[in-house]
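Worksheet: one structure, shown below.
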Amino acid sequence: MSPAQTENHLFLRALRREPTPRVPVWLMRQAGRADPAYRRLRERNNLPLDELFRRPDLAAEISLLPERFGVDAIILFQDILTPLAPMGAAFRFRPGPVLEDPVREERDVERLTAFDPADALPFVGETIGRIRRALAGRLPLIGFAGAPLTLACFLIEGKSPG
């Protein structure tokens, strides 16, 4: 997206608290179970959720599904826990995320490692690149990540609350 397009987009103007002709719309959990297009994609590819996150072609396709509804921004199809695996905290979706070895003691914290996102999570950058090329400046792309406290709570609890 060029700087001019970015500056003047309805969604971004609203974020800056500038006047807009209407409230901008984007879909959280845009790849929800209620979307027939998402369900067809899942059936066609027959892959577990965590594999969809690691496949830039599919993650980009899923991210772009809501464009057909006339949304004002696209959100990246990814999981907030993505940074945990390269830190040494593997988890599986059963169906929600479950940590294989929760942090219980100091030695559990010591086994966690720092990582270079470009090296450890190249699929995220590739997915973002694919989405940006597909959007060609039409819509902003919303990215996200788990906040440190959220990730820490998951590391300790070992699963999502609820």
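So that you can map any letter, position 78 of the sequence shown is 124 in my numbering, and since no number is skipped, the others follow by simple counting. Even glycine gets a Cβ: it sits at the ideal position worked out from N, Cα and C.
Worksheet item: If you follow the alpha helix (DSSP H) that residue 138 is part of, which residue opens it and which one closes it?
Response: Segment 137–139 is the beta strand (DSSP E) holding residue 138; no alpha helix (DSSP H) there.
4-residue-minimum alpha helix (DSSP H) runs that sit fully inside the stretch 96–159, ordered along the chain
You should have 102–110, 130–133 and 152–156.
Task: Short Cβ contact (8 Å threshold) for residue 110 with residue 188 - done: no
Check for me: the alpha helix (DSSP H) holding residue 165 runs from which residue to which?
163–166
Exercise. Anyone know if the C-beta pair for residue 135 and residue 158 falls short of 8 Å?
Worked result: yes
Here's the rule: buried if 16 or more other CB atoms are within 10 angstroms of the residue's CB, otherwise exposed. What is residue 82?
Exposed is the call here.
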